[in-house]
Amino acid sequence: MMNPRSVATAVLLSLAAVVPTTLFAKEPAVTAHFATGPFDVKLAPQTLSPVAENSGLGRMSLDKQYHGALEAASTGEMIAFRGAVAGSAGYVAMETVRGTLDGRAGSFVLQHSSTLTRGEPTQSITVVPDSGTDALAGLAGRMMVDIAPGGAHSYRFEYTLP
36 MMNPRSVATA VLLSLAAVVP TTLFAKEPAV TAHFATGPFD VKLAPQTLSP VAENSGLGRM
96 SLDKQYHGAL EAASTGEMIA FRGAVAGSAG YVAMETVRGT LDGRAGSFVL QHSSTLTRGE
156 PTQSITVVPD SGTDALAGLA GRMMVDIAPG GAHSYRFEYT LP
């Protein structure tokens with residue numbers, strides 16, 4: 036009977052014979068980048084589908100202009116709900132962003148899922164994996180949106196590029 040250490044060694048040697056060595060190659064170091072700036076947004080109410088028209092949801096189109104390190108235009112769709120308690124709401128959205136990010140041209144898609152609980156925001160805005168094109172291929176990252184008391188919008192974008 037083989038001891039457990041011998042069995043583990045035999046399994047690893049068997050795997051090494053059939054698994055390409057590229058799976059064990061060290062990944063190149065990835066540096067995080069940060070981009071910030073203001074953006075303008077236009078929301079326009081849209082008609083809900085017949086299935087959702089009595090759901091209490093709202094649907095809007097998004098039209099944005101990003102400035103700063105991200106010089107881009109975006110378009111998208113948002114589905115939202117506002118609760119009966121003041122300051123409570125939630126939305127999901129998808130937007131396609133086209134322009135330059137720190138001088139690199141291309142496009143990518145942002146996926147939003149955010150809530151507001153009695154005025155306290157929780158945001159999840161991420162780059163959809165493998166949505167980057169051209170010089171933005173391989174882009175990954177997260178964005179935060181800040182809204183000033185007067186309504187001015189700005190973004191903070193932490194991202195990586197190969």
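This note's numbering puts the sequence shown at residues 36 to 197.
The beta-carbon is built from N, C-alpha and C at its ideal position, and this holds for glycine as well.
From a predicted model like this one, the values you see are computed outputs, not experimental measurements.
Assuming residue i and residue j form a contact by the criterion Cβ under 8 Å, report the distance between their Cβ atoms to the nearest whole angstrom.
i      : j      : result
VAL180 : ILE160 : 7 Å
THR71  : ARG191 : 5 Å
ARG139 : ALA170 : 4 Å
THR135 : ALA108 : THR135 to ALA108, Cβ: 11 Å. No contact.
Give me the residue from the options with the minimum Cα distance to residue i.
i      : options                        : result
THR152 : THR135, ARG133, GLY125, ARG177 : GLY125
THR82  : ALA115, ALA175, GLU193         : ALA115
GLU130 : SER123, THR110, SER148, PRO164 : THR110
GLU156 : ARG94, GLY91, GLN100, GLY122   : Note on residue identity: the sequence assigns Pro, not Glu, to residue 156. Selected option, being the one with the closest Cα: GLY122.
SER166 : SER142, ALA183, ILE182         : SER142
MET113 : SER96, THR135, ALA107          : SER96
PRO197 : ALA183, THR168, ILE182         : THR168
May I have the straight-line CA-CA distance separating residue i from residue j, to the nearest angstrom?
i      : j      : result
LEU50  : ARG177 : Any reading at LEU50 needs caution, since the residue's pLDDT is 37, under 50, leaving its predicted position unreliable; the model's value is listed next. LEU50 and ARG177: Cα-Cα distance of roughly 36 Å.
GLY20  : ALA128 : Summary: the structure shown does not reach residue 20, with the chain confined to residues 36 through 197, and so no result is reported for it.
LEU6   : GLU88  : Because residue 6 is not part of the residues shown, which for the chain are 36 to 197, the question remains open.
GLY118 : SER148 : 16 Å
ALA79  : GLN100 : 15 Å
ASP98  : GLN146 : 15 Å
So, are the CB atoms of residue i and residue j less than 8 Å apart?
i      : j      : result
TYR194 : HIS68  : yes
HIS188 : VAL86  : no
PRO164 : ALA175 : yes
Examine chain B for any beta-carbon lying closer than 8 Å to the beta-carbon of residue i, and answer yes or no.
i      : result
MET179 : Here chain B cannot be found, since the structure has a single protein chain.
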